[in-house]
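Report on the following structure.
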Amino acid sequence: MPRVYHTKEEVLSQAQIILRKSLRDIILPAQIIEIEKKIGVYGLQRKGYLGNLVEKYVFDLEVNSKSEADFNIPGLELKTTPLKKHAQGQYTSKERLVFSMIDYKKIIHEHWETSSFLNKNRLLLLMFYLYELEKTVLDYEFKFISLLDLLQDISEQDILQIRKDWEHIVAKIKRGEAHLLSEGETFYLGACTKAANSEVMRDQPGTQVKAKPRAFSLKQQYLNYLIQKKILNKELDADSIAKRGKEKKTIDVLIQERFAPFVGRTDQQIMSSLKISLSKRSKNFKRLLANSILTGTNSNKVEELEKADVTLKVVTLEHTGTLKESLSFPAFDYKSLVSQVWYDEIGERMSDLYAQLDTKRFLFVIFQKIKGSDEIVLRKIKFWSFPVSDLTEVEKVFNKTIDCIKSGKYEDLPKMSENSVAHVRPHGRDISDTITTPQGTQEIKRCFWLNAKYIQKALEQ
DNA sequence: GCATGATCATGC
DNA sequence: GCATGATCATGC
2 MPRVYHTKEE VLSQAQIILR KSLRDIILPA QIIEIEKKIG VYGLQRKGYL GNLVEKYVFD
62 LEVNSKSEAD FNIPGLELKT TPLKKHAQGQ YTSKERLVFS MIDYKKIIHE HWETSSFLNK
122 NRLLLLMFYL YELEKTVLDY EFKFISLLDL LQDISEQDIL QIRKDWEHIV AKIKRGEAHL
182 LSEGETFYLG ACTKAANSEV MRDQPGTQVK AKPRAFSLKQ QYLNYLIQKK ILNKELDADS
242 IAKRGKEKKT IDVLIQERFA PFVGRTDQQI MSSLKISLSK RSKNFKRLLA NSILTGTNSN
302 KVEELEKADV TLKVVTLEHT GTLKESLSFP AFDYKSLVSQ VWYDEIGERM SDLYAQLDTK
362 RFLFVIFQKI KGSDEIVLRK IKFWSFPVSD LTEVEKVFNK TIDCIKSGKY EDLPKMSENS
422 VAHVRPHGRD ISDTITTPQG TQEIKRCFWL NAKYIQKALE Q
């Protein structure tokens with residue numbers, strides 16, 4: 002008979018039996034053999050299998066494949082989720098935390114307080130295990146186990162943001178724009194792509210256009226924040242824009258308000274009203290200026306931006322309004338790149354570049370040069386995420402890049418003149434900064450860039 | 001003026 | 001020591 006749980010405390014206490022242990026440590030030899038047989042059939046990577054095993058062997062529950070609640074306790078959801086270990090020994094989440102699929106047709110009739118998302122996931126039993134490539138589900142060690150109440154254990158500020166994220170996603174679906182959703186347009190709660198079992202593309206309300214299946218997710222960076230702050234009780238070394246969470250505002254409102262008094266002012270005026278003095282010769286001068294406006298310190302780490310995985314980009318327009326410089330991404334590894342596929346339509350595999358464009362959010366701080374002066378003016382700030390409608394253009398660049406690398410034609414890599422959105426260009430320290438190619442030769446480090454003209458247009462909108 | 005190649009400066 | 005964000009330099 003499967004076990005029945007009556008309280009969340011009972012569930013949490015049962016979960017602890019596997020803390021700092023692996024499945025192999027807590028089950029019988031006969032069960033180990035049975036699981037090893039299945040691993041042979043399913044392979045090591047079968048997602049969700051570990052979750053099923055935990056339900057069965059840690060909690061003694063009957064495992065069903067339906068999306069029914071794990072326990073009989075309303076809102077309590079079990080999540081087994083992987084960690085990765087960094088060189089300095091600290092743990093971060095390996096992935097975002099994915100919830101159940103968004104039902105495009107039903108959700109447009111929901112409200113946050115009574116939403117199916119909150120109903121199902123308000124209480125999260127988070128079981129973090131250390132993912133290691135060479136191990137199977139039997140040997141992953143469970144590192145942290147925590148019960149998180151989404152409405153009580155996180156700051157009001159964060160709850161508000163999650164609610165606004167949810168409302169943003171629902172509003173977009175209501176407008177018949179589910180196909181235009183991307184994970185990058187919200188802060189903590191995202192709508193991430195998710196493999197569908199039966200249908201690849203889904204119907205959505207109000208339009209004939211089909212949309213990719215998506216699920217709610219807590220973004221990876223926000224999950225990292227929860228691990229550090231709520232599970233390990235560590236103080237963050239980042240500076241908060243809303244000091245100590247007293248201001249109950251969403252991130253974009255908060256940031257807009259911080260910059261508003263300085264829009265239209267010169268760098269000199271900004272420095273004197275902030276009572277700071279920064280060297281203009283310093284290459285990150287404008288970056289420091291932006292940080293000072295945001296947090297009052299020159300710290301590069303801004304809590305709200307880190308939690309929401311927002312990349313701050315400082316750009317400087319010419320006095321005429323043109324943007325000269327393109328936007329770089331981290332340098333790529335030729336060998337790793339050729340093993341990637343752009344996006345496999347069921348969301349099982351995607352390239353680093355696709356992931357960057359679909360999940361990242363940018364905050365542009367836009368300065369402009371003044372004619373005949375060495376002063377600059379803060380023009381505006383703008384949140385931006387990459388429009389899904391332009392992904393196909395980048396896909397062309399991506400595929401051509403892979404073709405060129407595979408055939409060793411490094412001089413034919415996609416140029417800015419070939420594509421309106423993106424190109425490939427060097428991105429190393431100098432010409433001696435090289436990396437090994439699939440051919441075994443050394444080649445200068447390069448990366449994908451978003452074209453300056455393209456970014457300029459995006460900023461004007 | 002723009003595309004492309006190359007490098008700087010900082011901070012982790 | 002290196003990755004990264006940002007910018008510089010050159011040549012057409």
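Anchor point for the first sequence: position 22 equals 23 in the numbering used here, and the numbering is continuous, going up by one each time. Positions of the beta carbon are idealized from the N, C-alpha and C atoms, including for glycine.
Query: N73 versus Y6: straight-line alpha-carbon distance, rounded; Result: 7 Å
Query: CB-CB length for A212 against A179, believed under 8 Å; Result: 4 Å
Query: Every unbroken alpha helix (DSSP H) inside the segment 50–103 [4 residues or more]; Result: 50–58
Query: Helix, strand or coil at Y105 [DSSP, three-state]; Result: helix
Query: Residue nearest to M2 in terms of C-alpha spacing, selected from L51, Q15, E63 and A31; Result: E63
Query: Per-residue DSSP class, three states only, for T437; Result: strand
Query: Identity of the residues DSSP links to L146 by a beta bridge; Result: Checking the displayed sequence, the identity of residue 146 turns out to be Ile instead of Leu. BP columns for I146 point to M128.
Query: Cα-Cα separation between I277 and E376, rounded to whole angstroms; Result: 16 Å
Query: Rounded straight-line distance, which links the Cα of F129 to that of N122; Result: 17 Å
Query: Whole-angstrom distance between Y189 and D104, CA atom to CA atom; Result: 20 Å
Query: Nearest residue (CA-CA) to K230, options L279, I163, L149 and A453; Result: L149
Query: Buried versus exposed call for L328 [16 or more other C-beta atoms within 10 Å across all chains shown]; Result: buried
Query: Straight-line gap, E158 to S241 (C-alpha atoms, nearest Å); Result: In the sequence as presented, Glu is not what sits at residue 158; that position holds Gln. If I take the Cα positions, the gap works out to 12 Å.
Query: The segment 301–310 touching the segment 414–421, judged by at least three CB pairs closer than 8 Å; Result: no
Query: Environment of A202 [buried if 16+ CB atoms lie within 10 Å]; Result: Checking the sequence, you will find Met at residue 202 rather than Ala. Flag for M202 reads exposed.
Query: Length of the line joining the Cα atoms of Q443 and D431; Result: 14 Å
Query: Cβ shell of L224 (< 6 Å), same chain only, five flanking positions each side left out; Result: S94 and L98
Query: Counted within 10 angstroms of its Cβ, other Cβ atoms place K287 as buried (16 or more) or exposed; Result: buried
Query: F286 - partner residues in DSSP beta bridges; Result: Answer is none; F286 lacks a bridge partner.
Query: Same chain only: Cβ atoms within 7 Å of I108, ignoring 5 sequence neighbours per side; Result: V171 and I174
Query: Cβ separation of H424 and N452, assumed to be a contact under 8 Å, to the nearest whole Å; Result: 6 Å
Query: Residue from A192, T187 and N292 whose Cα sits closest to the Cα of I239; Result: In the sequence under discussion, the amino acid at residue 239 is Ala, which differs from the Ile named in the question. For A239, the nearest C-alpha among the options comes from N292.
Query: Which residues DSSP lists as bridging M351, in chain order; Result: Y344
Query: Residues of its chain near D413, where Cβ-Cβ distance is below 6 Å and the 5 sequence neighbours each way are ignored; Result: C405
Query: Opening and closing residue of the beta strand (DSSP E) in which W167 lies; Result: That residue, W167, is in no beta strand (DSSP E); its alpha helix (DSSP H) goes E157 to K175.
Query: Bridge partners - H424, DSSP secondary structure assignment; Result: W450
Query: Beta-carbon proximity list for Y132, same chain, < 8 Å, skipping 5 on both sides; Result: P83, L84, K85, K95 and Y141
Query: Span of the alpha helix (DSSP H) around S273; Result: D268 to L275
Query: Pick from P415, F263 and V315 that is closest to N285, judged by C-alpha positions; Result: V315
Query: DSSP state of Q221 mapped onto helix, strand, coil; Result: helix
Query: Same chain, Cβ closer than 7 Å to K165, five either side skipped, listed in chain order; Result: T251
Query: CB of P369 within 8 Å of CB of T317, strictly; Result: Residue 369 is actually Gln in this sequence, not Pro. Yes, they are a contact pair.
Query: Close-in-space but distant-in-sequence residues of the same chain around L24 (CB under 7 Å, 5 per side omitted); Result: L54, Y58, V138 and L139
Query: Straight-line Cα distance separating P427 from T438; Result: 14 Å
Query: Among L379, T360 and Y455, the one whose alpha carbon lies nearest that of I367; Result: L379
Query: Whole-angstrom distance between Q153 and K235, CA atom to CA atom; Result: 19 Å
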